[in-house]
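S.K.: Take a look at this one; I'll ask things after.
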Amino acid sequence: MTAGPNSTDGTGEVIGGAAALAPADVEIVSLTLLGGGPVVPGTNATFRVDLRNNGPVDAYGAVVTMLVTDLDFIVNNILWTPNAQAP
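The working numbering numbers the first residue of the sequence shown as 22 and each following residue consecutively.
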């Protein structure tokens with residue numbers, strides 16, 4: 022492969038002394054839990070993730086990571102003994 026003036030190696034690293042390019046602007050446009058819920062403890066959840074590349078360049082090796090902090094928990098049949106002594 023011959024490097025052009027704006028070539029990258031697929032990881033965003035510039036090859037052939039080309040000028041650096043701005044990274045691709047990739048956003049999550051929708052995230053959907055497949056198979057409904059609830060997700061049972063100890064099991065995997067499968068999601069469909071739809072992404073949009075807003076440019077200005079192609080996105081190679083895109084990785085989606087997310088910190089799940091805003092969850093709705095439903096607790097059924099919880100046992101609690103008020104004033105119980107710690108062991």
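Cβ atoms here follow ideal geometry from the backbone N, Cα and C, with glycine treated the same way.
1. Helix, strand or coil for L88, going by three-state DSSP, please let me know.
2. Can you tell which of L72, N74, R73 and G57 has its C-alpha closest to the C-alpha of A66?
3. If I measure Cβ to Cβ from N74 and keep anything under 6 Å in the same chain, skipping five residues before and after, which residues do I get?
4. Please state the DSSP three-state secondary structure of V61.
5. What number of angstroms, rounded off, separates the C-alpha of A24 from the C-alpha of L72?
M.R.: Straight from the coordinates:
1. In the three-state DSSP reduction, L88 falls in the coil class, being neither helix nor strand.
2. The option with the nearest alpha carbon to A66 is G57.
3. Only A45, V47 and A80 meet the Cβ criterion.
4. If DSSP states are grouped into helix, strand and coil, V61 belongs with coil.
5. Residue placement at A24 is flagged as unreliable, the pLDDT there being 42, under the threshold of 50; the coordinate-derived value follows with that caveat. Approximately 29 Å, taken between the alpha carbons.
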